[in-house]
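Data block below; observations after.
Numbering (our numbering), first residue to last: 77 to 311.
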């Protein structure tokens with residue numbers, strides 16, 4: 077009888093610990109739901125972090141990384157799920173890696189993730205991101221393939237947002253592709269300024285308020301017609 081009682085008491089701490097862990101998990105699950113209802117991002121991150129410690133899961137980790145990225149905490153997002161390209165990653169994980177690496181000015185690594193997303197779901201928006209990153213990394217020829225795809229598949233109602241002004245604005249996605257094409261044309265042949273300006277004019281015809289395209293056109297025109305050098309003063 078004493079032996080049985082000893083075994084019962086020996087097992088009691090494990091039972092208590094299991095109950096405590098279960099209660100904690102239930103508490104943070106309820107806390108997570110409440111924080112979501114209140115729109116409290118810090119609370120959501122706190123709840124998900126505790127739940128990941130109590131009961132780790134790939135899905136919960138991906139969700140935490142997504143919340144970090146959506147809150148502009150890109151380093152924390154990548155610390156949560158890593159930066160490596162992995163074909164077994166969920167779509168959410170690949171998206172977080174792509175967006176966060178781009179935000180942290182890692183175009184080559186971001187490009188790998190965007191290309192993985194494009195393999196899974198071809199669409200003009202991803203094609204734009206890929207083309208833009210290829211231009212940044214010096215692959216203008218490769219960018220043309222994605223630009224041509226985008227121009228051919230962009231619908232009239234598709235918009236792309238730009239943030240170089242204090243007030244963000246949207247332009248037709250096709251206009252954004254035409255602007256990228258102008259950049260690739262100029263990058264491949266610095267003498268082909270007229271060709272690049274012609275493509276920018278097509279973009280501006282779709283949206284005259286396309287500020288970035290206007291700035292690019294001004295820069296190209298300045299290269300085409302540099303200001304005359306001031307005459308030397310005679311002594």
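Cβ coordinates follow ideal geometry from the N, Cα and C atoms, glycine included.
Open item on the list: Does residue 238 come out as helix, strand or coil in the three-state DSSP assignment?
Closed with: Numbered from 1 along the chain shown, position 162 holds the residue referred to as residue 238. Looking at residue 238 - three-state DSSP - the assignment turns out to be strand.
Open item on the list: What does DSSP give as the partner residue(s) for residue 247 in the beta ladder?
Closed with: Translated into the one-based positions of the chain shown, residue 247 becomes position 171. In DSSP, residue 247 forms a bridge with 236.
Open item on the list: Taking the beta carbon of residue 176 as the centre, do at least 16 other beta carbons fall within 10 Å, making it buried, or is it exposed?
Closed with: Here residue 176 refers to the residue found at position 100 of the chain shown. Buried, by the Cβ-count rule.
Task: From 202, 214, 241, residue whose alpha carbon lies closest to that of residue 222 - done: Here the question's residue 222 lines up with position 146 in the chain shown. Answer by Cα proximity: 202.
Open item on the list: I'd like the span of the alpha helix (DSSP H) that includes residue 189, first residue to last.
Closed with: Your numbering for residue 189 matches position 113 in the chain shown. Element bounds for residue 189: 183-196.
Open item on the list: Using the Cβ count rule (16 or more neighbours within 10 Å means buried), how would you classify residue 231?
Closed with: If you number the chain shown from 1, residue 231 lands on position 155. Burial call: exposed.
TODO: Give the straight-line distance between the Cα atoms of residue 360 and residue 199, rounded to the nearest whole angstrom.
DONE: Not covered by the structure: residue 360. The range shown for the chain is 77 to 311.
Open item on the list: Counting C-beta neighbours from all protein chains within 10 Å, is the total for residue 204 16 or more, i.e. buried, or is it exposed?
Closed with: Position 128 of the chain shown, counting from 1, holds the residue named residue 204. It counts as buried.
- [ ] Give the single residue among 239, 135, 182, 226 whose Cα lies nearest to the Cα of residue 212.
- [x] Position 136 of the chain shown holds residue 212. Distances from the CA of residue 212 to each of 239, 135, 182, 226 were compared; the closest alpha carbon is that of 182.
TODO: Return the first residue and the last residue of the alpha helix (DSSP H) that residue 212 is part of.
DONE: The sequence position of residue 212 within the chain shown is 136, counting from 1. Per DSSP, residue 212 belongs to the alpha helix (DSSP H) from 200-212.
TODO: Indicate the three-state DSSP secondary structure (helix, strand or coil) for residue 149 in the structure shown.
DONE: Reading the chain shown from its first residue, position 73 is the one you call residue 149. Residue 149 falls in the coil class under three-state DSSP.
Open item on the list: Given this structure, state the Cα-to-Cα distance separating residue 112 from residue 156, to the nearest angstrom.
Closed with: Against the chain shown, residue 112 aligns to sequence position 36. Against the chain shown, residue 156 aligns to sequence position 80. Straight-line Cα distance between these residues: approximately 20 Å.
Task: Nonlocal neighbours in the same chain, by C-beta distance under 8 Å from residue 180, ignoring five residues either side - done: On the chain shown, position 104 is the one that residue 180 refers to. Cβ within range, chain order: 150, 151, 154.
- [ ] Quick one: grab the DSSP three-state call for residue 107.
- [x] Residue 107 sits at position 31 when you count from the first residue of the chain shown. Three-state DSSP puts residue 107 in a helix.
- [ ] Compare the Cα-Cα distances from residue 116 to each of 128, 143, 98 and report the closest residue.
- [x] Taking the first residue of the chain shown as 1, we reach residue 116 at position 40. Restricting attention to 128, 143, 98, the CA atom closest to the CA of residue 116 is found in 143.
- [ ] Use the C-beta contact count for residue 110: other C-beta atoms within 10 angstroms, 16 or more gives buried, fewer gives exposed.
- [x] What you label residue 110 is simply residue 34 of the chain shown in a count that begins at 1. When all chains shown are included, residue 110 counts as exposed.
Task: Assigned secondary structure, residue 215 (DSSP; H/G/I helix, E/B strand, else coil) - done: What you label residue 215 is simply residue 139 of the chain shown in a count that begins at 1. Coil at residue 215, not helix or strand.
TODO: Within the same chain, show all residues whose beta-carbon is closer than 8 Å to that of residue 163, passing over the 5 residues directly before and after it, in chain order.
DONE: In the chain shown, counting from the first residue as 1, residue 163 sits at position 87. The answer, listed in chain order, is 192.
TODO: List the whole-angstrom C-beta distance separating residue 296 from residue 262, where the pair is believed to meet the contact cut-off of C-beta under 8 Å.
DONE: Counting from one through the chain shown, the residue named residue 296 turns up at place 220. Counting from one through the chain shown, the residue named residue 262 turns up at place 186. Contact flag correct, Cβ pair sits at about 7 Å.
TODO: Would you identify the three-state DSSP class for residue 180, choosing helix, strand or coil?
DONE: On the chain shown, residue 180 is found 104 positions in, with the first residue counted as 1. If DSSP states are grouped into helix, strand and coil, residue 180 belongs with coil.
Task: Expected contact under 8 Å - CB spacing of residue 188 and residue 161 to nearest Å - done: Position 112 of the chain shown, counted from the first residue, corresponds to residue 188. Position 85 of the chain shown, counted from the first residue, corresponds to residue 161. With 8 Å as the limit, residue 188 and residue 161 qualify as a contact, their Cβ atoms being about 5 Å apart.
TODO: Take residue 239 and list the residues in its own chain whose beta-carbon comes closer than 8 Å to its own, dropping the five residues that flank it on each side.
DONE: As a first step, residue 239 must be located in the chain shown, where it is residue number 163. Sequence-distant Cβ neighbours of residue 239 in its own chain, meaning closer than 8 Å and more than five residues away, do not exist here.
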